[in-house]
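Student: Under the working numbering, the residues of the sequence shown are numbered 1 to 363, in order.
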Amino acid sequence: MLQIVLALIGLFWLFPTIKNQWTYSNEWTQQPDDIEDVVFKKRPNVYYIQPDGYVNISEMDKGAYQIDNSDYWNFLRENGFKIYPNIRSNYSSTLVSNSATFTMKHHYYNNGFNFSEIANARKVIISDNPVLNAFKKNGYKTHFLAEGSYLLTNFPEMGYDVSNFDYNDIELITDGFQKEEDILVPIEKYLNLDTDKSKFFFIEIFKPGHVQSLKTVSKGAQKEAEIYKQNLAISNERLKKIITMIQEKDPNGLILIMADHGGYVGYEYMLEVRNKTLDRDRVYSAFSTQLSIKWPYGEVPEIDENFKSGINTFRILFSYLSENNAYLDHLQEDATYTIIKDGAPQGIYKCIDGDGKVVFIKH
1 MLQIVLALIG LFWLFPTIKN QWTYSNEWTQ QPDDIEDVVF KKRPNVYYIQ
51 PDGYVNISEM DKGAYQIDNS DYWNFLRENG FKIYPNIRSN YSSTLVSNSA
101 TFTMKHHYYN NGFNFSEIAN ARKVIISDNP VLNAFKKNGY KTHFLAEGSY
151 LLTNFPEMGY DVSNFDYNDI ELITDGFQKE EDILVPIEKY LNLDTDKSKF
201 FFIEIFKPGH VQSLKTVSKG AQKEAEIYKQ NLAISNERLK KIITMIQEKD
251 PNGLILIMAD HGGYVGYEYM LEVRNKTLDR DRVYSAFSTQ LSIKWPYGEV
301 PEIDENFKSG INTFRILFSY LSENNAYLDH LQEDATYTII KDGAPQGIYK
351 CIDGDGKVVF IKH
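#1: What does DSSP give as the partner residues of His-143 in its beta bridges?
#2: When we look at the beta-carbon of Pro-186 and count the other beta-carbons within 10 Å, is it buried (16 or more) or exposed?
#3: Tell me where the beta strand (DSSP E) around Val-46 begins and ends.
#4: Just the C-alpha distance for Ile-118 and Thr-153, rounded to the nearest angstrom, thanks.
#5: Confirm, please, whether the CB-CB distance from Lys-350 to Val-358 is below 7 Å.
#6: Under DSSP, the beta strand (DSSP E) around Lys-82 begins and ends at which residues?
#7: Does DSSP classify Gly-347 as helix, strand or coil?
#8: State the beta-bridge partners of Thr-336 as determined by DSSP.
#9: At which residues does the beta strand (DSSP E) containing Leu-254 begin and terminate?
#10: Might you give, ordered along the chain, the residues of its own chain that have their beta carbon closer than 8 Å to the beta carbon of Phe-135, omitting 5 neighbours on each side?
#11: Between which residues of its own chain and Lys-294 is the CB-CB distance below 6 Å, once the five residues before and five after are set aside?
#12: For the beta strand (DSSP E) containing Val-358, name the first residue and the last one.
#13: Within 10 angstroms of its Cβ, does Asp-52 collect 16 or more other Cβ (buried), or is it exposed?
#14: For Ser-127, which option in Ile-242, Glu-305, Lys-241 and Asn-98 has the closest C-alpha, if you only look at C-alpha atoms?
#15: Quick one: Cα of Ile-234 to Cα of His-210, how far?
#16: Would you tell me roughly how many angstroms separate the C-alpha atoms of Asp-250 and Asn-86, rounded to the nearest one?
#17: Can you tell which of Tyr-337, Ser-198, Lys-240 and Met-258 has the C-alpha that lies nearest to the C-alpha of Lys-276?
#18: Taking Val-265 and Ser-92 to be in contact with their CB atoms under 8 Å, please state how far apart those CB atoms are, rounded to whole angstroms.
#19: Which same chain residues, not among the five before or five after Asn-138, have their C-beta less than 6 Å away from its C-beta?
#20: Taking Ile-35 as the reference, give the member of Ile-316, His-363, Asp-355 and Gly-343 with the closest Cα.
#21: Rounding to the nearest angstrom, what Cα-Cα distance links Phe-314 and Pro-345 in this structure?
#22: Looking only at its own chain, which residues have a Cβ that is under 7 Å from the Cβ of Lys-229, when we skip the five neighbours before and after it?
#23: For Thr-195 and Ala-225, what's the separation of their Cα atoms in angstroms?
#24: Can the beta-carbon of Arg-88 be found closer than 7 Å to that of Ser-292?
#25: When burial is assigned at 16 or more other CB atoms within 10 Å of the CB, is Ser-70 buried or exposed?
#26: Less than 7 Å separating the beta-carbons of Tyr-72 and Asn-236?
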């Protein structure tokens, strides 16, 4: 009888979930203009390197971070990068952040669909999105290279031409972090191949990462901060090696380093972000992201003043590559959103507005 009761309770939640999945619409990914048909006039190889949880230069000495990261920032400057301060993520985690970045559109967590990750996130990121489609339509060979299989764990159709993961080698049940690949090996391999073609790389690095997601496995705010600092040092060394390798083979490539979200240092655990707060340093600890770009031939475009958050990064980049500033007419609001469950009525809230000010406005 107890099993029957538990089964009925499960069905109570299962049917609405199935209904929402069946009726889910991808209309939010549709563009307000013809940017998916953009024609590039500049055709450098483009390397998008995403170090998980790497906060912006403007936050490293604030709040709970208090980290001297000058060696890394100086390395970037010496290698021709422009470092952009005060950049932030639009969403709270890897899947929801990347879904917005690669579609160049807000999804607002599907307006509370399951109050978890958004539906079909991995399909959006890996299989079919406006950014990937634009590169492919312009004849770019596309590469997805990652240290782990996190974005592939539900086996989305591979939309990239090349990946360093074979689905046959990924376990059926996995969180994607059980096996870490040496990312330098596939990068070196594919840098040396197809030298006559324009190439796009999405390179995913899992460090420095962020504090533990759940309270039950957290080591406490202070210890988690120490672990982040250790992982930051590892991330810096990997990034230096990757950048050096790319520049030796492709000195005029466009290298874009942009994190997916912040490191959550100062939080005991990551899901504390679902508690209402107006503490500026705490909010930015969750959403601040590094943005550093090596522009081909050192020619920094004036439109780079539009960089504020991840959602508009590729729209700005495509304006540069196409030499068509009309695409800037449809920039999304550079606002940041989070799910709130405690301290206010449950829902989706804007926590940073388009000007970078911490707010608390229900969506």
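Positions of the beta carbon are idealized from the N, C-alpha and C atoms, including for glycine.
Tutor: With the given structure in hand:
#1: Your numbering for residue 143 matches position 143 in the sequence shown. His-143 pairs with Val-162 and Phe-201.
#2: Here residue 186 corresponds to residue number 186 of the sequence shown, with the count starting at 1. It counts as buried.
#3: Taking the sequence shown and counting its residues from 1, one reaches residue 46 at position 46. Note, Val-46: beta strand (DSSP E), 46 to 51.
#4: To locate residue 118, count along the sequence shown from 1; it is residue 118. To locate residue 153, count along the sequence shown from 1; it is residue 153. Straight-line Cα distance between these residues: approximately 15 Å.
#5: Numbered from 1 along the sequence shown, position 358 holds the residue referred to as residue 358. Numbered from 1 along the sequence shown, position 350 holds the residue referred to as residue 350. Against a cut-off of 7 Å, the Cβ pair of Lys-350 and Val-358 comes out as no contact.
#6: On the sequence shown, position 82 is the one that residue 82 refers to. Lys-82 -> beta strand (DSSP E) spans 81 to 83.
#7: On the sequence shown, position 347 is the one that residue 347 refers to. The answer is strand: DSSP assigns Gly-347 an E or B state.
#8: Indexing the sequence shown from 1 puts residue 336 at position 336. BP columns for Thr-336 point to Ile-352.
#9: Counting from one through the sequence shown, the residue named residue 254 turns up at place 254. Counting along the chain, the beta strand (DSSP E) containing Leu-254 begins and ends at 254 to 258.
#10: Walking along the sequence shown from the start, residue 135 turns up at place 135. Answer for Phe-135: Val-46, Thr-142 and Phe-200, listed in chain order.
#11: By one-based count along the sequence shown, residue 294 stands at place 294. For Lys-294, where only same-chain residues beyond five positions count, the Cβ hits under 6 Å are Gly-80, Phe-81 and Ile-255.
#12: The residue given as residue 358 occupies position 358 in the sequence shown. 358 to 362 is the extent of the beta strand (DSSP E) around Val-358.
#13: Translated into the one-based positions of the sequence shown, residue 52 becomes position 52. Buried, because 16 or more other Cβ atoms sit within 10 Å of the Cβ of Asp-52.
#14: For the purposes of this step, residue 127 is identified with residue 127 of the sequence shown, where counting begins at 1. For Ser-127, the nearest C-alpha among the options comes from Asn-98.
#15: Here residue 234 refers to the residue found at position 234 when the sequence shown is read from its first residue. Here residue 210 refers to the residue found at position 210 when the sequence shown is read from its first residue. Ile-234 and His-210: Cα-Cα distance of roughly 14 Å.
#16: Numbered from its first residue, the sequence shown carries residue 250 at position 250. Numbered from its first residue, the sequence shown carries residue 86 at position 86. Going from the Cα of Asp-250 to the Cα of Asn-86 covers about 29 Å.
#17: The residue given as residue 276 occupies position 276 in the sequence shown. Minimum Cα distance to Lys-276 is reached at Tyr-337.
#18: Residue mapping note: residue 265 aligns to position 265 of the sequence shown, counting from 1. Residue mapping note: residue 92 aligns to position 92 of the sequence shown, counting from 1. Their Cβ separation, rounded to whole angstroms, is 15 Å, which puts Val-265 and Ser-92 out of contact at 8 Å.
#19: Your numbering for residue 138 matches position 138 in the sequence shown. The answer, listed in chain order, is Phe-40.
#20: As a working mapping, residue 35 is identified with position 35 in the sequence shown. The candidate whose alpha carbon is nearest that of Ile-35 is Ile-316.
#21: Looking up residue 314 in the sequence shown gives position 314. Looking up residue 345 in the sequence shown gives position 345. When rounded, the distance between both Cα atoms is 34 Å.
#22: The count along the sequence shown starts at 1 and reaches residue 229 at position 229. Correct list, in chain order: Ile-67.
#23: Translated into the one-based positions of the sequence shown, residue 195 becomes position 195. Translated into the one-based positions of the sequence shown, residue 225 becomes position 225. If you take the alpha carbons of Thr-195 and Ala-225, they lie about 42 Å apart.
#24: Looking up residue 88 in the sequence shown gives position 88. Looking up residue 292 in the sequence shown gives position 292. Not a contact, by the Cβ cut-off of 7 Å.
#25: Locating residue 70 in the sequence shown gives position 70, where the first residue counts as 1. Here Ser-70 is exposed, its C-beta having fewer than 16 other C-beta atoms within 10 Å.
#26: Taking the sequence shown and counting its residues from 1, the one referred to as residue 72 is at position 72. Taking the sequence shown and counting its residues from 1, the one referred to as residue 236 is at position 236. Taking 7 Å as the Cβ cut-off, Tyr-72 and Asn-236 qualify as a contacting pair.
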